[in-house]
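Numbering (the numbering used here), first residue to last: 5 to 447.
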């Protein structure tokens, strides 16, 4: 292969990855703005909001996520990942813009439902884009880059939008976020193509990559199955239920992120802007974890992944236990605040690799051409758990001393997540080892 051919192939793959990263960052922007604006919305006398109602808004958003996962994955499989991805970004931007103009709680419920419904198309769509653009040996690092972009956007938007609250109303945050996302949705089709065949002047290496990806797709056991048959195939598999239950528990833990600004504001009497900036500790920890994890995952053996995920999730449990303990003792306020931020950072760092990477890699390898459907099904079950937590968690936190009970719910959930993910990874390791042995005997 000549150097020019290699360079062209690398440039095309880089363009696809960057397009997905930027597009998904915009979807995350549309989701993150509500969490940042939350404390300011609660203080707005023109709104009839309390913590329980805010939790209900989040719950309706999670309901949109659940509904979207059941439909958008199938659409991405049938229409192409990039088409669904770009359309979803445009819809999310428009509904975010409208959200900033309304005041009724019912309107908040509907618009956030639609925003997160659109946002839910991101991961299934990108699974399809990765499947048709990259060989399996690159899946881990590509998912790592994408997960990193979502974390970068979460950190950047949390800090940036929180600083805007110093001189801007909460409505202004929605207008700014929607405007940026809509601009990206308009220009993205120029750079994000649906598959290799849609690109002009393919290099020799590009054609070889396309052939390899196509060959892997045709060899997959689900290649000739329709959607209904694929659903039955998944439902009969133990690993599907294990990863679904594990990701459901992790999704509940991730919902803590949108409650963090309110938690910090009410616990330490911070201004909405200060609470928003401090809450960036969670996405910052997640950012560092997924950036490193994407590269590490490709290099670790399946057995080593089990130990790595187990270690990080145990750290998450310990972080929550200490956070809960801080709420039951009297310490120096400044020391307690700093330690709380460190624990939130550590918690975000600890749960992110287990949440993002194993399921994403598993979905492509196990789901094949139905990977969007598989991602959607897993995420739908996960967001059902998260939706329940949004309603319950908001109501619990709204009571006197409710944040301690809120943290207890997270502690129990984190223990369940740790056990389930370890069992899934061991089961997946055993199945892969068995499959490799069978292939070796056949050859």
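Backbone N, C-alpha and C fix where the C-beta goes; we use that ideal spot for every residue, glycine too. Note that the structure is a prediction, hence the values are computed from the model and not measured.
- Taken in chain order, the complete alpha helix (DSSP H) segments of 4 or more residues contained in the region 92-177 are 109-123, 126-137 and 143-168.
- With distances taken between CA atoms, residue 428 lies nearest to 314 out of 314, 326, 403 and 376.
- Just measuring C-alpha positions, the residue of 175, 167 and 318 sitting nearest residue 50 is 175.
- In this model, residue 109 and residue 272 are separated by some 27 Å (Cα to Cα).
- Secondary structure at residue 279: helix, using DSSP grouped into helix, strand and coil.
- Contact between the region 395-409 and the region 279-295 is not established, with fewer than three Cβ pairs separated by less than 8 Å.
- Residue range 260-272 is occupied by the alpha helix (DSSP H) that includes residue 265.
- Counting the other Cβ atoms within 10 Å of the Cβ of residue 55 gives 16 or more, which makes it buried.
- Fully enclosed beta strand (DSSP E) runs of no fewer than 3 residues are not present anywhere in the region 397-444.
- Annotated three-state conformation of residue 340 is helix, per DSSP.
- Closest in C-alpha terms to residue 161, from the list 46, 29, 132 and 138, comes 29.
- C-alpha of residue 235 to C-alpha of residue 384: approximately 13 Å in a straight line.
- A contact is defined here as three or more CB-CB pairs under 8 Å, and the region 356-370 fails this definition with respect to the region 110-126.
- Taking a 10 Å sphere around the C-beta of residue 265, we find 16 or more other C-beta atoms and assign the residue as buried.
- Residue 246 carries a helical assignment under DSSP once its states are collapsed to helix, strand and coil.
- Spatial neighbours of residue 171 in its own chain (CB-CB distance under 7 Å, excluding positions within 5 residues in sequence) are not present.
- For residue 330, the enclosing alpha helix (DSSP H) covers residues 306-330.
- Annotation: the continuous alpha helix (DSSP H) that includes residue 72 extends over 55-83.
- Residue 189 counts as buried, since no fewer than 16 other beta carbons sit within 10 angstroms of its beta carbon.
- Between residue 294 and residue 422, the beta carbon gap of about 18 Å keeps them out of contact (Cβ cut-off 8 Å).
- Annotated three-state conformation of residue 362 is helix, per DSSP.
- The three-state reading of DSSP puts residue 284 in coil, since its state is none of H, G, I, E or B.
- The three-state secondary structure of residue 356, taken from DSSP, is helix.
- The residue from 346, 25 and 137 with its alpha-carbon nearest to that of residue 156 is 25.
- Put simply, the backbone Cα of residue 291 is about 8 Å away from that of residue 159.
- Here residue 236 carries a helix assignment [DSSP, helix/strand/coil].
- In the three-state DSSP reduction, residue 195 falls in the coil class, being neither helix nor strand.
- Segment contact: the region 84-98 against the region 129-137, three or more CB-CB distances shorter than 8 Å; contact assigned.
- One alpha carbon belongs to residue 415, the other to residue 16, and they sit about 44 Å apart.
- Each of 370, 361 and 316 was checked against the Cα of residue 239, and the nearest Cα belongs to 370.
- In the structure shown, residue 229 adopts coil according to DSSP, grouped into three states.
- Taking every protein chain shown into account, the CB of residue 191 has fewer than 16 other CB atoms within 10 angstroms, so this residue is exposed.
- Sixteen is the threshold: since fewer than 16 other Cβ atoms of the shown chains lie within 10 Å of the Cβ of residue 342, the residue is exposed.
- The alpha-carbon separation between residue 334 and residue 327 amounts to approximately 13 Å.
- Residue 410 and residue 86 have their C-alpha atoms some 39 Å from each other.
- Excluding the 5 residues flanking it on each side, residue 354 has same chain C-beta neighbours closer than 6 Å at 316, 319 and 320, in chain order.
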